[in-house]
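Everything below concerns the one structure shown next.
In full-length UniProt numbering, the protein residues as written are 1 to 189.
What follows is the structure in structure tokens.
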């Protein structure tokens, strides 16, 4: 039997009654999380796989593409926070991961701490996510190109394998885009 290295500690520990079951469950969650880039906590420090898996487990996950300097993003966010609060209160828990178009890491921390969100690190990792989903601010077109499908704000709802389930065009629809978010059980992590 081949055992993933991450599970070795579970196998040698005598404190766990069912190490193989726990190991298999952890490996499935880790493989789901591999679809995401490295993430930061809302305070700007790096988030571990354990931190992330605990935060997204059993929730609907979406990437939120935005920038603090963007007036449309700032006006959309109160509706987004109300939506998240209402969804969480009704048992349809939502986790939103910020993909920044901000210019400074300090601006990202300011925003994510006020909205209590995980974030993709500013720079290459955020740019890779923007290219993958073809969403970036118009001010970034010189760097990222002209082939975007949307500007900011926008959300991409993910399934547990990290694939796109739904695109929410908040740039063009504003808060009405949140009505398009599928909160069924198919996208739970």
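Note that beta-carbon positions come from the ideal geometry of N, C-alpha and C, so glycine has one too.
For the options 91, 70, 171, the alpha carbon positioned closest to that of residue 156 is the one of 171.
Beta-bridge partners of residue 122 (DSSP): none assigned. Counting C-beta pairs with one atom in each stretch, the stretch 83-90 and the stretch 39-46 have fewer than three that are closer than 8 angstroms, which means they do not touch. Note on geometry: alpha-carbon atoms of residue 38 and residue 176 lie some 30 angstroms from one another. Note: residue 88 is not bridge-paired with any residue in the DSSP secondary-structure output. Residue nearest to residue 68 within the set 183, 113, 162, 167 is 113 (criterion: CA-CA distance). Relative to the Cα of residue 71, the nearest Cα in the group 125, 183, 101, 106 belongs to 101. The Cβ-Cβ distance between residue 151 and residue 138 falls below 7 angstroms. With respect to the 7 angstroms criterion, residue 117 and residue 135 are not classified as neighbours on the basis of their beta carbons. Per DSSP, reduced to three states, the secondary structure at residue 164 is strand.
Under DSSP, the beta-bridge partners assigned to residue 40 are 46, 119.
The shortest C-alpha to C-alpha distance from residue 168 to any of 53, 50, 80 is the one to 80. Under the three-state reduction of DSSP, residue 100 is assigned to strand. For residue 181 and residue 142, the gap between their C-alpha atoms comes out near 31 angstroms.
Comparing C-alpha distances from residue 88 to each of 129, 55, 120, 109 shows the shortest one belongs to 55. Counted as a single uninterrupted DSSP element, the alpha helix (DSSP H) harbouring residue 144 occupies residues 141-144. Our two residues, residue 59 and residue 98, have alpha carbons roughly 16 angstroms apart in a direct line. Sequence-distant partners of residue 110 (beyond 5 residues in either direction) whose C-beta falls short of 8 angstroms from its own C-beta, in its chain, are 68.
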